[in-house]
Amino acid sequence: MTATLEAILQDLPESGRTLAFCDETNLTEQATATLVANLRLHVAVVVQSEVYGPVAEALSTFLEVNGLPELHATEVVNPKASTPWRDVPFDLRVEAFERLAQALDMAGSRIPYLYLSKQDHDGFVAQSGGLITADYKRSLKTVFLSCMADYLVGSTAILVIDRDKNSPGPALHAIQSPGDLLGGGAISVESHKVVGLQIADMAAYAVRRYLLKRHALYAGNGGPFDEIAAKTVASFEGRFELLLIAEPLAA
């Protein structure tokens, strides 16, 4: 099975495929003036393979030429001492962030998403009589991936997700009704191996940063990373689709 999954991942740019790269993030931990506590987002970047191939190659070349590590948005913006980005000059980090933003603007791409707060999930658990797991992160991930399988029905599609912590990839993440997904489910793999996962990470991070920094931006106090995040979120207009009401991509 692993050999088959590796072959699928190696051939992501092969023509005629729909690619979906997924990531997740906590939008909040504590409540803010406008957002509830423990609000979690899952997001996907969906693009045709012919469009993705050149974009992924260009980003990989940029990293190689500049001797840069994996593009992980939070490390690019706020590198900790333990990350390779700590020694990267500020201007180059801004350029890397800008290139991620540009990659998210791939022609014809869609950005389906799903979100849930722990508070709302706890209410669902209480109403379900034990049919819903008490782990709201697991519940949201299960529903998100199921919705993504439905969203991609009718396409020759590959659904790629970041691996669970400390688990090797590629591995198959089972979905109850995988539809037409190549490999039979979501393919879990380390994000440094697939540029598309790094682009999806940017999508999730940009939403989080914009929501938390928008008041500073409105006051004219945003930095370059804040401005790029805001521009990125603005580019989602017409492409940002709530999965619970989105029509299948091939409809």
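Each residue of the sequence shown is one higher than the one before, counting from 381 in this note's numbering.
Even glycine gets a Cβ: it sits at the ideal position worked out from N, Cα and C.
Owing to the predicted nature of the structure, the values given are computational and were not obtained by experimental measurement.
- If you draw a straight line from the C-alpha of E386 to the C-alpha of S568, how long is it? In the sequence shown, counting from the first residue as 1, residue 386 sits at position 6. In the sequence shown, counting from the first residue as 1, residue 568 sits at position 188. Looking at the backbone, the Cα of E386 and that of S568 are separated by about 11 Å.
- Query: Any idea what DSSP makes of A586, helix, strand or coil?
  - Reply: Stepping through the sequence shown from its first residue, residue 586 is reached at position 206. Helix.
- Taking Cβ positions, are I608 and F401 nearer each other than 8 Å? Here residue 608 corresponds to residue number 228 of the sequence shown, with the count starting at 1. Here residue 401 corresponds to residue number 21 of the sequence shown, with the count starting at 1. 8 Å or more divides the Cβ of I608 from the Cβ of F401.
- Task: Determine the extent of the beta strand (DSSP E) in which P558 is found, giving its start and end residues.
- Result: Numbered from its first residue, the sequence shown carries residue 558 at position 178. From DSSP, P558 is part of no beta strand (DSSP E); its letter is neither H nor E.
- Message: Within 10 Å of its beta-carbon, does F622 have 16 or more other beta-carbons around it, so buried, or fewer, so exposed?
- Response: In the sequence shown, residue 622 corresponds to position 242, counting from 1. The sequence as given places Leu at residue 622; Phe does not occur at that position. Classified as exposed, L622 has fewer than 16 neighbouring CB atoms from the shown chains inside 10 Å of its CB.
- For the stretch 572-587 against the stretch 422-438, are there 3 or more C-beta pairs whose distance is under 8 Å? By the Cβ criterion, the stretch 572-587 is in contact with the stretch 422-438, since at least three pairs of Cβ atoms, one from each stretch, lie closer than 8 Å.
- For Q410, which of helix, strand or coil comes out of DSSP? Looking up residue 410 in the sequence shown gives position 30. Correct three-state label for Q410: coil.
- Message: Once DSSP output is grouped into helix, strand and coil, what is the label at G503?
- Response: Walking along the sequence shown from the start, residue 503 turns up at place 123. Reduced to three states, the DSSP call for G503 is helix.
- Message: So, at 8 Å on beta carbons, what are the nonlocal neighbours of F442 in its own chain, with the 5 sequence-adjacent residues on each side left out?
- Response: As a first step, residue 442 is located in the sequence shown; it is residue number 62 there, counting from the start. Once the five neighbours on either side are set aside, the close Cβ partners of F442 are L448, A476 and R479.
- Task: Excluding the 5 residues preceding and the 5 following D581 in the sequence, name in chain order all residues of the same chain whose CB lies nearer than 7 Å to its CB.
- Result: Residue numbering aside, residue 581 sits at position 201 when the sequence shown is read from its first letter. Contacts found: D403, H452, A453 and S571.
- Query: V522 and T398 look like a contact to me (Cβ under 8 Å); what is the Cβ gap, rounded to whole Å?
  - Reply: Position 142 of the sequence shown, counting from 1, holds the residue named residue 522. Position 18 of the sequence shown, counting from 1, holds the residue named residue 398. Residue identity differs from the one stated: residue 522 is Thr in this sequence, not Val. With a Cβ gap of about 22 Å, T522 and T398 do not count as contacting.
- Message: Is it buried or exposed, G559, if we count other Cβ atoms within 10 angstroms and call 16 or more buried?
- Response: Counted from its first residue, the sequence shown places residue 559 at position 179. Around the beta carbon of G559, 16 or more other beta carbons sit within 10 angstroms, so the residue counts as buried.
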